[in-house]
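In my numbering, the protein residues as written are 736 to 1091.
Reviewing the structure listed below.
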Amino acid sequence: ILREELAAAVKKFSAEGGSGLVLDVNTGEILAMVSLPDFDPHNPVSQDPKAIFNRDTLGVYEMGSTFKLFTVSMALDAGTATLNSSYDAAHPIKVGRFTITDYKGENRWLTLPEVIRYSSNLGAARIAMEAGVATHRKYIERFGLTKPLSLEIGELGTPHVPNPWREVNTMTIAFGHGLSVTPVHLAAGVAAVANGGVLHPATLLKRNPNEPVPGDRVISEQTSYTVRKLMRLVVTEGTGKLAAVPGYLVGGKTGTAEKSGVGGYKRKANLSLFIGAFPMTAPRYIVLAMVDEPHGTKDTYGYSTGGWTAAPVAGRVIARTASILGVSPVDEKAPDVLNAMDLNVAAPRSKRLAAN
736 ILREELAAAV
746 KKFSAEGGSG
756 LVLDVNTGEI
766 LAMVSLPDFD
776 PHNPVSQDPK
786 AIFNRDTLGV
796 YEMGSTFKLF
806 TVSMALDAGT
816 ATLNSSYDAA
826 HPIKVGRFTI
836 TDYKGENRWL
846 TLPEVIRYSS
856 NLGAARIAME
866 AGVATHRKYI
876 ERFGLTKPLS
886 LEIGELGTPH
896 VPNPWREVNT
906 MTIAFGHGLS
916 VTPVHLAAGV
926 AAVANGGVLH
936 PATLLKRNPN
946 EPVPGDRVIS
956 EQTSYTVRKL
966 MRLVVTEGTG
976 KLAAVPGYLV
986 GGKTGTAEKS
996 GVGGYKRKAN
1006 LSLFIGAFPM
1016 TAPRYIVLAM
1026 VDEPHGTKDT
1036 YGYSTGGWTA
1046 APVAGRVIAR
1056 TASILGVSPV
1066 DEKAPDVLNA
1076 MDLNVAAPRS
1086 KRLAAN
C-alpha cells in the first residue's frame, strides 16, 4: 500500500523519486519501507544507480519544518517555553549575510501553538535561541539525530552535523536546515515525541514480545502529551489538512526543504514531506512520506510543498492500512476525544499517559 501511494504521487508530481515508511511507535519496528525508483533484484547490475540507492536508510537530508516538533518538545520539556509563550514573527532575523524569514508568514507575534500551526521559521528560531545553544544541542542529540543509523541493513547513513555548532546553527536547525538525517532517524525521533517520550531504536526485525523493548527517555510524558495536541492541530487547522482521515485522529507535521547542490541550495528543487502519527489520543504508528523534487499541478495550484504533495500520501496510506493494523475509528466529536486534544486541558498526572 505504501509503495502504491508513493508511486502514484511520484507520477502525479513528475518527481525524481520518493520514500516512506511505517513504524510502530511503541517498539520501533518498521512495518513498511519504500524507496523509489526501485529495481529488479534479479538484475541489479543494469539498474540506474538512483534506483539502487536506499533513500530511507542511506540518504541524509535536511528535513525542513518537521524538525519544529523537536524544537517545541525541547523548549516545553526544558521549561524555557509554555503554550502561552509568544514570539516575534513579524521581523526577519539577520545573521551575517543571511536573513531568516517565514514562507507566507503571518507577520505578527505568534503563540507557541501558532508557531507550529503556521509553521513559522522565525518562531522556531526564537524558541531555540531562548533555550540556548547548549540545551538545544543536548535535546537534538537525545533524539538520536546526530548519531550514525543503527539498523539490520548494510546501507546506513550518518547525519551531517555542524562542527562547530554555533548560535546560527541552532537558529536554522530549529526549523530543519543545517543538519541532515535519514528518514529513519526522523521517524524514530518523532515516534519518541508521540509515544510518551521514549526513543526506541528502529528495527527491521520483529521484537520478542516476552522481552522489554529497549529505549531511553528523552522527554517527559507530560511534554509528549502536549506536543501530540500540537501535531493534531497541524492536521485540523494547519498545513497538514490533506493528511486527515475521518475517525483516525491523524496528527503530524509538514516539511519542505530546498535540496543542497554545488554552490548552495537548488532553488525550486524541494524535498517535500509529511510525518504523521495516529491516533493522537494514543499513538500506535508513524507514517512518513517524502517526495523528491515534486512539481506543482493544477490541483495543487502550482504548489509543491509537503502539505500539498506528501500529506495526502500519508493520509491515503493511513486510510487503507488502519483496519489492517487493528486500529478502530472513533467519533472525533466525542467529548472525551475533544477533551484529550484540547490545548487548554492540562496533561493528566499519570505514569501511563501514552496508553490513555
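Positions of the beta carbon are idealized from the N, C-alpha and C atoms, including for glycine.
Which one or two residues does DSSP pair with residue i in a beta bridge?
| i | result |
| --- | --- |
| Asn1124 | Shown here, the chain extends from 736 to 1091; a query on residue 1124 therefore has no answer. |
| Met1025 | Ser754 and Leu1008 |
| Tyr1020 | Asp759 and Phe1013 |
| Arg967 | Answer is none; Arg967 lacks a bridge partner. |
| Thr991 | Ser1007 |
| Arg952 | Val933 |
| Gly986 | Ala1012 |
Which same chain residues, not among the five before or five after residue i, have their C-beta less than 8 Å away from its C-beta?
| i | result |
| --- | --- |
| Phe1013 | Val980, Tyr983, Leu984, Val985, Gly986, Arg1019, Tyr1020, Val1022, Ile1053, Ala1057 and Val1062 |
| Pro883 | Leu891, Gly892, Thr893 and Pro894 |
| Leu977 | Gly1042, Trp1043, Ala1046, Pro1047 and Gly1050 |
| Asn842 | Ala824 and Ala825 |
Determine the direct distance from the alpha carbon of residue j to that of residue i, and round the result to whole angstroms.
| i | j | result |
| --- | --- | --- |
| Gly924 | Met809 | 12 Å |
| Ile862 | Thr974 | 20 Å |
| Gly858 | Ala742 | 35 Å |
| Leu940 | Asp823 | 46 Å |
| Pro1064 | Met1015 | 12 Å |
| Val970 | Val780 | 43 Å |
| Ala1081 | Ser821 | 19 Å |
| Val997 | Leu1073 | Confidence in Val997 is poor, its pLDDT being 46 and thus under 50, which makes the residue's placement unreliable; the coordinate value appears in the next sentence. The straight-line gap from Cα to Cα measures roughly 49 Å. |
| Gly1042 | Ala1069 | 27 Å |
| Phe748 | Asp1027 | 10 Å |
| His777 | Asp783 | 14 Å |
| Glu993 | Ser800 | 11 Å |
| Leu968 | Pro899 | 35 Å |
| Lys964 | Leu1078 | 6 Å |
| Gly753 | Val745 | 6 Å |
| Thr817 | Met864 | 15 Å |
| Glu739 | Asp1071 | 35 Å |
| Ile875 | Leu804 | 11 Å |
| Pro897 | Ile828 | 20 Å |
| Leu758 | Thr870 | 28 Å |
| Asn856 | Ala909 | 8 Å |
| Gly1098 | Phe774 | Since the first residue of the chain shown is 736 and the last is 1091, residue 1098 is not available in this structure. |
| Arg790 | Met906 | 26 Å |
| His1030 | Arg832 | 30 Å |
| Ala943 | Ser1039 | Checking the displayed sequence, the identity of residue 943 turns out to be Asn instead of Ala. Taking the straight line joining both Cα atoms gives about 41 Å. |
| Glu849 | Met1076 | 15 Å |
| Glu946 | Glu1067 | 35 Å |
| Arg852 | Thr938 | 31 Å |
| Thr846 | Asn819 | 6 Å |
| Ala1017 | Glu972 | 20 Å |
| Lys873 | Ala926 | 18 Å |
| Val868 | Gly1037 | 37 Å |
| Pro772 | Gly794 | 14 Å |
| Leu1060 | Met966 | 21 Å |
| Lys785 | Ala1004 | 17 Å |
So, for residue i: in the same chain, excluding its five sequence neighbours on each side, which residues have a beta-carbon less than 7 Å away from its beta-carbon?
| i | result |
| --- | --- |
| Ala866 | Met809, Ala810, Ala813 and Thr815 |
| Pro949 | His935 and Pro936 |
| Ile932 | It is worth fixing the name first, because residue 932 is Gly in this sequence and not Ile. Arg952, Val953, Ile954, Ser955, Glu956, Thr958 and Ser959. |
| Val903 | Val830 |
| Thr792 | Leu884, Leu886, Ile888, Glu890, Leu891, Gly892, Thr917 and Val919 |
| Leu921 | Met798, Thr801, Ile1010 and Leu1023 |
| Ile762 | With the sequence shown as reference, residue 762 is identified as Thr, and Ile is not the correct amino acid for it. So the qualifying residues of the chain are His935, Arg942 and Val948. |
| Ser770 | Ser754, Asn789, Arg790 and Asp791 |
| Asp1034 | none |
| Leu737 | Gly755, Val757, Ala767, Val769 and Val1052 |
Whose C-beta lies closer than 6 Å to the C-beta of residue i among residues of the same chain, with five residues either side of it excluded?
| i | result |
| --- | --- |
| Ala1024 | Gly755, Phe1009, Ala1045, Val1048 and Ala1049 |
| Ala1089 | In this prediction, Ala1089 scores a pLDDT of 39, lower than 50, which makes its location untrustworthy; the coordinate-derived value is nonetheless stated afterwards. If we look at Ala1089 and ignore the five residues flanking it on each side, its Cβ neighbours are Asn930 and Gly931. |
| Tyr796 | Ser915 and Leu1006 |
| Arg1087 | Only weak support is given to the placement of Arg1087: the predicted model assigns it a pLDDT of 46, under 50, and the question is left unresolved by the model. |
| Arg877 | Val953 |
| Val760 | Ala926, Ala929, Asn930, Pro1018 and Ile1021 |
Between residue i and the ligand NAD, is the CB less than 7 Å from at least one heavy atom?
| i | result |
| --- | --- |
| Arg952 | Looking at this structure, you won't find the ligand NAD or any other ligand, since it has none at all. |
Going along the chain, which unbroken runs of the alpha helix (DSSP H) with 4 or more residues stay wholly within the region 891 to 941?
902 to 908 and 918 to 929
Unbroken stretches of the alpha helix (DSSP H), 4 residues or longer, contained in the region 748 to 805:
784 to 787
Can you list the beta strand (DSSP E) stretches of 3 or more residues lying completely in the region 819 to 854, in chain order?
821 to 823, 828 to 830, 833 to 835 and 844 to 846
In chain order, which alpha helix (DSSP H) runs of at least 4 residues are fully inside the region 1032 to 1075?
1041 to 1044, 1046 to 1056 and 1070 to 1075
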